[in-house]
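Colleague:
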Amino acid sequence: MKLGTKITLGSLGGLSLFAVVLGVMAVISIKGTFERTEDSFRTNLMTEKENQIRDQVTSAAKALYAAAKESPEAPGEAAANVGSQLKYADGSGYFFAYKSDGKGGWQYAFHGARPDFRNKHADLNKTDVNGVPFERKFIQTGRAGGGFVRYHYQKPQTQQVCAKVSYAQIVPELNWVVCGGIYVDDIEKNMEDMVETVSAEEKKLVFKLFLAAAILLPLIAFLSWFLIRR
């Protein structure tokens, strides 16, 4: 084999290896960046949902207190009537509250979606599909200063059990725990869309790298051969 041919083949081999390594590094870099972005994106979406429902419940607690204050003769009834009518999320969201029965148990003070629950005892041992005693957690969390409870519940629009997050807060003037929730299953849907988008971009990048290599390598080979022939 002539020296010029050896040089040309060596150059092509080196460039091919460089192109492959560059492509692999680019894909790895994209995957790493996406994984970090995915975690951040999911956290931001969940934080946004939590802030929304916390603000709604805080506003509801203020409305309950105001209603009770305006009706000193029957504060509980007035607050329950107001709470039952409060809505959010274009009318699909509702509030509910628990009150002590004075015997160690808890009753519904009101329930925005189930008016018939008012003054009925809550089953604190009821769990979701993952064994989370969500009603017990509502009361515990609310009495502990307020916070979020994550669980699964049937979504009325689809009748499917979906992930949900609720905020529970105590209304000290009434000694009630008021709650409201929001479904978060759309977060995973948004994440799936994001994964599909990034995957498509990743495939485009790999294709462009191979296309560039397919164009440049023959050109470099020709230039190498041409220079050696001179």
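Read in order, the letters of the sequence shown are residues -11 to 218 in our numbering. Heads up, the beta-carbon is just placed ideally off N, CA and C, and yes, glycines get one too. Quantities reported herein were computed from a predicted structural model and do not represent experimental measurements.
For a quick check, are the C-beta atoms of F126 and Y155 less than 7 Å apart?
Modeller: No, the Cβ-Cβ distance between F126 and Y155 is not below 7 Å.
Colleague: Take every Cβ of the region 187 to 200, pair it with every Cβ of the region 103 to 112, and state whether three or more of those distances are shorter than 8 Å.
Modeller: Verdict: no, contact absent.
Colleague: I need the boundaries of the beta strand (DSSP E) containing Q73, first residue and last residue.
Modeller: That residue, Q73, is in no beta strand (DSSP E); its alpha helix (DSSP H) goes 63 to 73.
Colleague: Please classify S59: does DSSP put it in a helix, a strand, or coil?
Modeller: Looking at S59 - three-state DSSP - the assignment turns out to be coil, as it is neither helix nor strand.
Colleague: Which first and last residues belong to the beta strand (DSSP E) in which G130 is found?
Modeller: Segment 122 to 131 is the alpha helix (DSSP H) holding G130; no beta strand (DSSP E) there.
Colleague: Considering only DSSP beta bridges, list what S88 is partnered with.
Modeller: Paired residues: W94.
Colleague: For A110, decide whether its Cβ has a neighbour in chain B, counting only Cβ atoms nearer than 7 Å.
Modeller: No chain B is part of this structure, which consists of one protein chain only.
Colleague: Please determine if the region 163 to 170 and the region 74 to 84 are in contact, where contact requires at least 3 C-beta pairs separated by less than 8 Å.
Modeller: Yes, the region 163 to 170 touches the region 74 to 84.
Colleague: Closest by CA to G90, which one among L193, P206, K177, N163?
Modeller: Nearest of L193, P206, K177, N163 to G90, Cα basis: N163.
Colleague: Have a look at K108, G133, R131, R138 and flag the residue whose alpha-carbon is nearest the alpha-carbon of N118.
Modeller: Residue R138 is the option with its Cα nearest to N118.
Colleague: What is the rounded straight-line gap between the Cα of N107 and the Cα of G93?
Modeller: Answer to the nearest angstrom: the Cα atoms are 12 Å apart.
Colleague: Which of helix, strand or coil does DSSP assign to A156?
Modeller: Note: A156 maps to strand in three-state DSSP.
Colleague: Classify G64: buried if its beta carbon has 16 or more other beta carbons within 10 angstroms, exposed otherwise.
Modeller: It counts as buried.
Colleague: Do I158 and R124 have their beta-carbon atoms positioned less than 7 Å apart in this structure?
Modeller: In this structure, I158 does not lie closer than 7 Å to R124 by Cβ.
Colleague: Rounded to whole angstroms, how far is the Cβ of A48 from the Cβ of G71, which I believe are closer than 8 Å?
Modeller: That pair is a contact at about 7 Å.
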